[in-house]
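Numbering (the working numbering), first residue to last: 207 to 544. For every residue, glycine included, the Cβ atom is placed at its ideal position computed from N, Cα and C. All figures in this text were calculated on a predicted structure; none of them were measured in a lab. First comes the structure, then the notes that go with it.
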Ligand SMILES: [Zn+2]
């Protein structure tokens with residue numbers, strides 16, 4: 207062992223034994239945006255054994271003020287976040303086995319993606335994926351360290367540490383409105399770092415087998431308001447996600463093409479089942495004559511088509527920018543892919 211972790215081992219609650227536990231830990235980071243960048247960087251520097259980070263997006267100029275793993279060059283090259291994150295995280299600490307996966311997490315793939323990890327760090331940007339991950343983590347029997355932030359406000363809660371604690375589904379009606387997003391009301395980087403720090407502190411306590419009471423913690427860095435409350439009484443005996451008769455409702459969805467209007471972004475996402483494979487090389491060649499500003503790299507094909515910017519990812523997702531109309535997006539996809 208090098209001196210790399212000596213100051214962390216000197217911290218008495220961790221010590222050498224705790225560092226060994228950190229080294230043996232396998233962490234799944236759901237999302238490589240702001241919270242994912244910050245949380246993954248802390249975990250990699252702490253020396254976890256294995257870290258998987260998944261994200262469906264590419265890096266944009268609007269990300270750089272808060273997504274600390276990325277550079278201007280990453281935007282120019284239109285790199286997927288999961289690809290750039292893996293590169294940067296591996297450069298930070300080569301001890302860690304980092305995997306970056308460019309994928310949209312869905313009911314069809316979430317269990318396979320998360321299986322084999324010791325815990326899940328929540329760094330997604332939407333409640334649907336968060337509820338899906340909550341169900342998947344409960345079904346797999348691994349903790350889910352929930353975290354969310356918008357504006358100057360952040361919220362954290364560790365789920366699945368103890369059976370008598372509520373899950374995200376139990377708390378759904380109690381939590382603040384989920385309708386505000388970073389794309390509609392903005393966000394400042396200090397709340398990202400604060401929220402991720404709370405999550406990672408709880409993760410380190412869990413990994414090192416430090417006893418702690420999971421609390422719902424909230425902070426507003428602009429007003430200075432803070433709260434840490436015990437929510438044990440909010441556990442619902444009949445919860446379909448965490449009761450003894452759990453049916454994990456968010457995991458059940460048919461295998462079919464999924465469509466989603468990305469909130470506040472004037473973009474429609476189309477996602478095909480895993481069974482449909484895309485060959486990016488042949489696709490790029492097939493559309494070369496009918497599109498403009500074609501960009502093709504190993505991860506995606508991006509271009510302008512009929513006034514829309516379109517991106518097709520290797521995992522079979524297409525983003526159609528410049529519309530909120532699903533039918534318009536489907537027509538474009540049908541016109542290009544058949
Ligand atoms: Zn529950």
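Not one heavy atom of ligand 1 is found less than 7 angstroms from the C-beta of residue 370. Taking 7 angstroms as the cut-off, one finds no heavy atom of ligand 1 near enough to the beta carbon of residue 496. When Cβ pairs closer than 8 angstroms are counted between the two stretches, the segment 404-412 is seen not to touch the segment 372-382, the count staying below three. The residues 338, 342, in chain order, have a CB closer than 6 angstroms to that of residue 316 in the same chain once the five nearest residues on each side in sequence are set aside. Leaving aside the five residues that flank residue 395 on each side, the residues in its chain whose CB is nearer than 7 angstroms to its CB run, in chain order, 271, 272.
For residue 511, the enclosing beta strand (DSSP E) has its first and last residue at 506-511. Under the three-state reduction of DSSP output, residue 266 falls in the coil class, being neither helix nor strand. In this structure, 329 is the residue among 230, 329, 357, 356 with its C-alpha nearest to the C-alpha of residue 350. Two segments are said to touch when three or more pairs of C-beta atoms, one from each, lie closer than 8 angstroms; by this definition the segment 525-543 touches the segment 469-478. For residue 423, the uninterrupted beta strand (DSSP E) run begins and ends at 422-426, by DSSP.
Per DSSP, residue 322 lies in no beta strand (DSSP E) and is assigned neither H nor E. Counting along the chain, residue 360 sits inside the beta strand (DSSP E) bounded by residues 359-365.
When secondary structure is reduced to three states using DSSP, residue 272 falls in the coil class, being assigned neither helix nor strand.
DSSP places residue 373 outside both helix and strand once states are collapsed to three, so it counts as coil. A direct Cα-to-Cα measurement between residue 431 and residue 355 gives close to 14 angstroms. Judged by DSSP in its simplified three-state form, residue 400 adopts helix. Judged by DSSP in its simplified three-state form, residue 429 adopts coil rather than helix or strand. Around the beta carbon of residue 269, a 10 Å sphere encloses 16 or more other beta carbons of the protein chains shown; the residue is thus reported as buried. Burial state of residue 538 is buried, judged by a 10 Å Cβ sphere holding 16 or more other Cβ atoms. Rounded to the nearest whole angstrom, the C-alpha separation of residue 422 and residue 318 is 29 angstroms. If you look at residue 440, you'll find it isn't in any alpha helix (DSSP H); DSSP assigns it neither H nor E. In the DSSP assignment, residue 476 forms a beta bridge with 465, 524. Placement of the Cβ of residue 448 at a distance of less than 7 angstroms from at least one heavy atom of ligand 1 is found. Relative to ligand 1, even the nearest heavy atom lies 7 angstroms or more away from the CB of residue 355. Closer than 7 angstroms to some heavy atom of ligand 1: that does not describe the Cβ of residue 292. The closest CA to that of residue 424, considering only 437, 418, 457, 308, is found on 437. Remark: C-beta atoms of residue 231 and residue 303 do not approach each other more closely than 8 angstroms. With a threshold of 16 other beta carbon atoms within 10 Å, residue 222 falls short and is exposed. A residue is called buried when at least 16 other Cβ atoms come within 10 angstroms of its Cβ; residue 505 meets this threshold and is buried.
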